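First comes the structure, then the notes that go with it.
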Amino acid sequence: MMIGIKNIASYVPTAGVDNYAQGASFGKDEDFILGKIGSTFLPRKDAGQETSDLCVEAANTLFANNPQLK
Numbered sequence: 193m194m195i196g197i198k199n200i201a202s203y204v205p206t207a208g209v210d211n212y213a214q215g216a217s218f219g220k221d222e223d224f225i226l227g228k229i230g231s232t233f234l235p236r237k238d239a240g241q242e243t244s245d246l247c248v249e250a251a252n253t254l255f256a257n258n259p260q261l262k
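Residue 193 is where the sequence shown starts when you use our numbering, and the numbers rise one by one after that.
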């Protein structure tokens, strides 16, 4: 049997910070934000979530997309 990675999954929270709005409050334009940060959105976990909750969500996605892995 060959050992290896069969698939991967992730979970990114939907709540977060709009980097354009954040940059505007510091007088920075969209070109600066995208050029320096490289992302228009900063995901943030809910206050009641732990990092382990994010791992569980990623694992749930992995198993939902790959039932043969269960």
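In this text, a Cβ means the ideal position worked out from N, Cα and C, and glycines have one as well. This structure is a prediction, so every number in the text was calculated from the model and none was measured.
Rounded distance between the beta-carbons of residue j and residue i, thought under 8 Å
i: G208; j: F233; result: 6 Å
i: L254; j: L246; result: That pair is no contact at about 13 Å.
Within 8 Å, strictly: CB atoms of residue i and residue j
i: K198; j: N257; result: no
i: Y203; j: A250; result: yes
Reference residue i; option with closest CA among the options
i: D210; options: L226, Q241, I200; result: L226
i: T206; options: G215, T243, K237; result: K237
i: G215; options: A201, S231, Q241; result: S231
Strand pairing of residue i, partner residues [DSSP]
i: G208; result: P235
Entirely within the region 210 to 248 and at least 4 residues each: give me those alpha helix (DSSP H) ranges in chain order. 211 to 216, 222 to 228
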